[in-house]
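S.K.: In case it helps, numbering that gives the first Met the number 0 puts the sequence shown at residues 0 to 67.
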Amino acid sequence: MAAEKKTMSAVEFARFLFRAHYANCFWHLKPDLAVTEEMIPLVIKGLRTHGGRREFQAAAELAEMTRK
């Protein structure tokens, strides 16, 4: 995943994380939700709130991508 992440934009990475962690972190949202740049904070919050260690780390990576 690290090599793939380097070529992804923040929005693409957020979409990937939303799909990959839907069952655990985003069950309260529509499964076909179109993740946009404005929704990245929602993805980060969902990963941090409902995920485990891996999801928390992924949220940190996504947050770092949005700071650049």
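For every residue, glycine included, the Cβ atom is placed at its ideal position computed from N, Cα and C. The model shown is predicted, which means the values in this text are computed figures rather than measured ones.
Apart from the five residues on each side of it in sequence, which residues of its chain come closer than 6 Å, Cβ to Cβ, to residue 58?
M.R.: Position 59 of the sequence shown, counting from 1, holds the residue named residue 58. Once the five neighbours on either side are set aside, the close Cβ partners of residue 58 are 43, 46 and 47.
S.K.: In chain order, what are the residue ranges of uninterrupted beta strand (DSSP E) at least 3 long that sit wholly in the segment 2-30?
M.R.: none
S.K.: Whole-angstrom Cβ separation of residue 13 and residue 34, contact assumed at under 8 Å?
M.R.: What you label residue 13 is simply residue 14 of the sequence shown in a count that begins at 1. What you label residue 34 is simply residue 35 of the sequence shown in a count that begins at 1. Right, their Cβ atoms sit about 5 Å apart.
S.K.: Straight-line CA distance for residue 56 to residue 63?
M.R.: On the sequence shown, residue 56 is found 57 positions in, with the first residue counted as 1. On the sequence shown, residue 63 is found 64 positions in, with the first residue counted as 1. The straight-line gap from Cα to Cα measures roughly 11 Å.
S.K.: In whole angstroms, what is the alpha-carbon distance linking residue 8 and residue 15?
M.R.: Locating residue 8 in the sequence shown gives position 9, counting from the first residue. Locating residue 15 in the sequence shown gives position 16, counting from the first residue. Distance between the alpha carbons of residue 8 and residue 15: 11 Å.
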